[in-house]
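Going left to right, the sequence shown walks through residues 192 to 456 as this note's numbering numbers them.
See below for the structure under consideration.
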Amino acid sequence: MAQVDWEFSETEISNVRRIIDEQENNPFVQKRRDQNVVEAEVSITADQFWNAHLAALLTSQQRSGPESHVSQFLKEEIQSVSLDQCRDAERIGGYVSEILEEHGGIRYYNNIGEACERNFERLDTDGWDELWGELEKLIEIRKRKPRDSDYAVEREVATYLSEGFAGEGFHRVGSKQARNILQILGLTRFEIPLDSRITKWLNTNLDLPYRVSGSGLSNREYYHFISDIVQESCSTAGVLPCIFDAAVFSSYDTNWTQSDADAIF
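See the structure below:
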């Protein structure tokens, strides 16, 4: 586990454990445990990666709770922009943006469409083999129980995605959404998407010497630094960061159902 320069108090560790205990029976948390923690032989298909990548783009800068437009799209219409549908489209960017616009309530649909087109071109130009080589590192880890040192491999693969794939707007997919993709695929336990829910929880429940800056997370080194804090606090509390993430996320929405949780994954 990466090192941080301070120890956490009993109150801080109690706060970490309490959010897990409060949300333990939430379908979202239970799904995360089944999907990411339990040792398993994981097999990822091209369709699964494409859908996870699209879900990450959709949740980049908009609400994704159980009653959100994004959640409804992922539950009901994700197949309308499947890999096969995009392959058949005359122009992927225009096709995806049109579908998202018609659904309604989804922001930046043109940018998301353009990102899909650029990522499809990357994958279709000998990119799939490179991707499978990276994901295989995490697939191997999922066959056994988690070890704190696994974070390094997860971070390496997340960096590969964040630097190599297009995100919402004309930027790289970035640290947060790269981890979102891997988490949706059930491949990570330590590297989590750091978003406003997590930063708000950290600023409220950990006695850090400074506030965690949401805007600062666009810097890779700062993102890794805050990830180190999360991972060390979770390790001290005896919980996995991916479960902590699910608990914090679900705590903001009280009406998660199993189908909602399945849609996000």
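All C-beta atoms in this analysis are idealised placements derived from N, C-alpha and C, irrespective of residue type, glycine included.
- In this chain, V233 is not harboured by any alpha helix (DSSP H), its DSSP state being neither H nor E.
- From the listed residues D320, L249, I290 and T427, the smallest Cα separation to E201 is found for T427.
- Around Y300, the same chain offers S288, L291 and E292 as residues with beta carbons nearer than 7 Å, after the five sequence neighbours per side are excluded.
- When the five nearest sequence neighbours on each side are left out, the beta carbons in the same chain lying within less than 7 Å of the beta carbon of D398 are those of S200 and E203, in order along the chain.
- With fewer than 16 other Cβ atoms from the protein chains shown falling within 10 Å of its own Cβ, P400 counts as exposed.
- A direct Cα-to-Cα measurement between K391 and Y443 gives close to 11 Å.
- For the pair A247 and I375, the CB atoms are nearer than the 8 Å cut-off.
- Taken through DSSP and simplified to helix, strand or coil, R363 comes out as strand.
- Between L329 and L378, the CB-CB gap stays under 8 Å.
- About 12 Å separates the beta carbons of S353 and L408, which is beyond the 8 Å limit, so they are not a contact pair.
- Put simply, the backbone Cα of C425 is about 21 Å away from that of R411.
- Take the alpha-carbon of F311 and the one of W323: they are about 15 Å apart.
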